[in-house]
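Right, one structure below, let's go through it.
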Amino acid sequence: MPAYFSFQAYVYLGEGQPIGRTLEQVAESMTALPGLFFEWDGSLTWANQADGWQIDATVFDDGTQVQYVDLHGRAATKDGCRVLNQRLNELFGTWGNKEDLRLMRLPDRRWQDLQDFAKESVSDG
21 MPAYFSFQAY
31 VYLGEGQPIG
41 RTLEQVAESM
51 TALPGLFFEW
61 DGSLTWANQA
71 DGWQIDATVF
81 DDGTQVQYVD
91 LHGRAATKDG
101 CRVLNQRLNE
111 LFGTWGNKED
121 LRLMRLPDRR
131 WQDLQDFAKE
141 SVSDG
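The letter at position 6 of the sequence shown is residue 26 when you use my numbering, and the numbering goes up by one with no holes.
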């Protein structure tokens with residue numbers, strides 16, 4: 021899928037804190053999301069090629085709590101990007117309080133909340 025928008029980010033609670041939920045807790049929450057495929061090694065994929073979006077991630081835990089999520093995604097069109105942002109909003113809700121979660125955008129290590137990320141992803145500039 022050619023990309024209109026693509027990204028890589030790490031997701032933390034605040035700016036660099038562990039997410040504070042167990043892998044089992046986030047896995048249980050994610051199973052409610054139709055079409056999301058999660059493996060117990062921490063990897064997940066959620067995509068709809070027809071709608072032009074894809075999310076891939078690895079959830080890293082230390083056996084007691086999720087430390088962070090390595091998140092990748094892309095959208096083929098601006099409309100696909102809007103759907104991608106809706107799916108990210110749902111996904112963040114499975115990891116904790118989405119207002120408290122932050123993305124460290126790579127490669128520039130810039131912090132963003134989900135709302136600022138969504139605005140930037142569909143901007144034309």
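Quick reminder that beta carbons are idealized off the backbone N, C-alpha and C, glycines included.
- Query: How big is the Cα-Cα spacing for T84 and L43?
  - Reply: Residue numbering aside, residue 84 sits at position 64 when the sequence shown is read from its first letter. Residue numbering aside, residue 43 sits at position 23 when the sequence shown is read from its first letter. Taking the straight line from one Cα to the other gives about 8 Å.
- Report the option in W73, L104, Q132, L111 whose CA atom is closest to the CA atom of V79. As a first step, residue 79 must be located in the sequence shown, where it is residue number 59. Here the closest residue by C-alpha is L111.
- Query: CB S26 to CB G93, shorter than 8 Å?
  - Reply: Working through the sequence shown from its first residue, we reach residue 26 at position 6. Working through the sequence shown from its first residue, we reach residue 93 at position 73. Note that the C-beta distance between S26 and G93 is below 8 Å.
- Query: Distance, Cα to Cα, A52 vs L33?
  - Reply: Counting from one through the sequence shown, the residue named residue 52 turns up at place 32. Counting from one through the sequence shown, the residue named residue 33 turns up at place 13. Their backbone Cα atoms lie some 22 Å apart in a straight line.
- Task: Find out if the Cβ-Cβ distance for the pair N109, L91 is shorter than 8 Å.
- Result: For this step, residue 109 is matched to residue 89 along the sequence shown. For this step, residue 91 is matched to residue 71 along the sequence shown. Taking C-beta atoms as the reference points, N109 and L91 fail to come closer than 8 Å.
- Message: Is R107 near the ligand FMN - that is, is its Cβ less than 7 Å away from at least one heavy atom of it?
- Response: This structure lacks the ligand FMN; in fact it carries no ligand of any kind.
- Message: For A47 and S63, I'd like the C-alpha separation in whole angstroms.
- Response: Residue mapping note: residue 47 aligns to position 27 of the sequence shown, counting from 1. Residue mapping note: residue 63 aligns to position 43 of the sequence shown, counting from 1. Whole-angstrom Cα-Cα distance: 10 Å.
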